[in-house]
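Below: one structure, written as structure tokens.
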Amino acid sequence: GTAFLEQALAIEWQHGDLTLRGWVADPNHTTPALAEIQYCYVNDRMMRDRLINHAIRQACEDKLGADQQPAFVLYLEIDPHQVDVNVHPAKHEVRFHQSRLVHDFIYQGVLSVLQQQLETPLPLDDEPQPAPRPIPENRVAAGRNHFAEPAAREPVAPRYSPAPASGSRPAAPWPNAQPGYQKQQGEVYRQLLQTPAPMQKPKAPEPQEPALAANSQSFGRVLTIVHSDCALLERDGNISLLSLPVAERWLRQAQLTPGEAPVCAQPLLIPLRLKVSAEEKSALEKAQSALAELGIDFQSDAQHVTIRAVPLPLRQQNLQILIPELIGYLAKQSVFEPGNIAQWIARNLMSEHAQWSMAQAITLLADVERLCPQLVKTPPGGLLQSVDLHPAIKALKDE
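Take 335 as the starting number for the sequence shown in our numbering and just add one per residue.
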């Protein structure tokens, strides 16, 4: 819409077979309504890819508030042999063979546009010029912005016909001019155009938030995978290691913990029927409402329980092992809180990845940053460990 055009920064970025073009809104003027504009096309096909969204959000994180999202319309062109597309009609997913290269390419492209926009001051004229017709400002930060008017055009004063014939239009009218435009009104408008623009008073500096609040939306950039299950991260020049299984466990717990609405239950194609003891059956009946909030639906009879639905994080698990363990855990409890049950399930879920890839790590961290932002500001034990490079640097300098 018009609001997006007013803040659109053009992107033209290329490296080898990768080309990124389109527009990203100025983060300093992004509104909640504007943030709903998030469109990305890969080889002219619309995609909703978490790796792409993470790269864009990471480039804008220093300029967005904690509750803001970037707005963009971007076109990524890549060698078709370097990408796998999920052609399911209900999905818009993509998998890049070189995910790190694509992530860093998009990150650098968006970041360069934002930095260039900040470094380019608006020109100030010493002498007042006749003000042109107000046109929504469209900043050009990199490349040619196809939304912008040509810069070489000079403002042309409108010409008025002294007495236009009935039904005729004035010569060379403004786009919004009406047939009944009068000469007297035109003279008044001409005077307004020739009135020098008032000098703007410098704005008082806005209070600066602590640096942590501005940079606390992301764990940082994923540099590589270490020991198959740790991500080496860089943020603000600092290096740290993040445990991917621990991050996955916190994500599963957040996905399982009910919020304002219960967790969505996913029906099982083949319901799971298990034999239970009287004690286990009693515990299940007491915990039924709490389990329903977690998306676990079951039906019991005299000696059996039939699991009919589970939440999405449990669909890929071995339910023949997990559900009996869950029933055994419930049989030992006297209080049944959904949060406690979700925590137990998250701790006992098997990891979906024995060997993590860059794409899997980036996708996981994007989900954790979105669903568990508190973990970025205050990482719990076992999740994040800073890496001190000073001994290595000192050893190099002492050689």
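Virtual Cβ for every residue (Gly too), placed ideally from N, Cα, C.
- Boundaries cannot be given for PHE670, as no beta strand (DSSP E) includes it and DSSP labels it neither H nor E.
- Within the same chain, VAL428 come within 6 Å of ASP383 by CB-CB distance, once the 5 residues on both sides are set aside.
- PRO672 and ILE696 have their C-alpha atoms spaced approximately 29 Å apart.
- The beta carbon of ASN362 sits closer than 8 Å to those of LYS397, all from its chain and outside the five residues before and after it, given in chain order.
- Under DSSP, the beta-bridge partners assigned to CYS564 are VAL560, SER577.
- PRO404 places its beta carbon 8 Å or farther from that of ILE386.
- LYS615 counts as buried, since no fewer than 16 other beta carbons sit within 10 angstroms of its beta carbon.
- Of the residues LEU368, HIS724, HIS431, the one whose Cα lies closest to the Cα of GLY571 is HIS724.
- Counting C-beta atoms within 10 angstroms of its own C-beta, PRO601 has fewer than 16 neighbours from the protein chains shown and is therefore classed as exposed.
- Inter-segment contact for the segment 656-666 and the segment 705-715 is absent: fewer than three beta-carbon pairs are separated by less than 8 Å.
- Between VAL417 and TRP357, the CB-CB gap reaches or exceeds 8 Å.
- Here the alpha carbons of CYS564 and SER552 stand approximately 16 Å from one another.
- Note that the C-beta distance between GLY629 and PRO596 is below 8 Å.
- DSSP places ARG355 within a strand segment (E or B) once states are collapsed to three.
- About 5 Å separates the Cβ atoms of LEU608 and VAL639, confirming a contact at the 8 Å cut-off.
- GLY593 is classed as exposed because its beta carbon has fewer than 16 other beta carbons within 10 Å across all chains shown.
- Across the set HIS687, HIS437, GLU703, the C-alpha of GLU703 shows the shortest separation from the C-alpha of LEU585.
- CA-CA distance, VAL610 to LEU618, rounds to 10 Å.
- Under DSSP, VAL721 takes part in a beta bridge, and its partners are ILE573.
- With fewer than 16 other beta carbons inside 10 angstroms of its own, VAL669 counts as exposed.
- In the displayed model, TRP584 falls within a helix according to three-state DSSP.
- In the DSSP annotation of this structure, the continuous segment of the beta strand (DSSP E) that includes ALA643 starts and ends at 638-645.
- Contact between ILE679 and LEU653 does not hold, since their C-beta atoms are separated by about 11 Å, which reaches or exceeds 8 Å.
- Look at SER623 here: in three-state DSSP terms it is helix.
- Residue burial annotation: SER433 is buried, with at least 16 other C-beta atoms found within 10 angstroms of its C-beta.
- Contact annotation: LEU567 and VAL556 have beta-carbon atoms nearer than 8 Å.
- Separation of GLN442 and ASP360 (C-alpha to C-alpha, rounded to the nearest whole angstrom) is 16 Å.
- Burial of ARG583 is indicated by the presence of at least 16 other C-beta atoms within 10 angstroms of its C-beta.
- The beta carbons of ILE655 and LEU606 sit no closer together than 8 Å.
- Collapsing the DSSP output to three states places LEU628 in coil.
- By a beta-carbon distance limit of 8 Å, ASP351 contacts ILE412. Their separation comes to about 6 Å.
- Between the alpha carbons of GLU395 and CYS706 lies a distance of about 16 Å.
- Sorting ILE604, SER685, THR353, SER446 by C-alpha distance to the C-alpha of ALA393 places SER446 at the top.
- In the structure shown, the three-state DSSP call for MET692 is helix.
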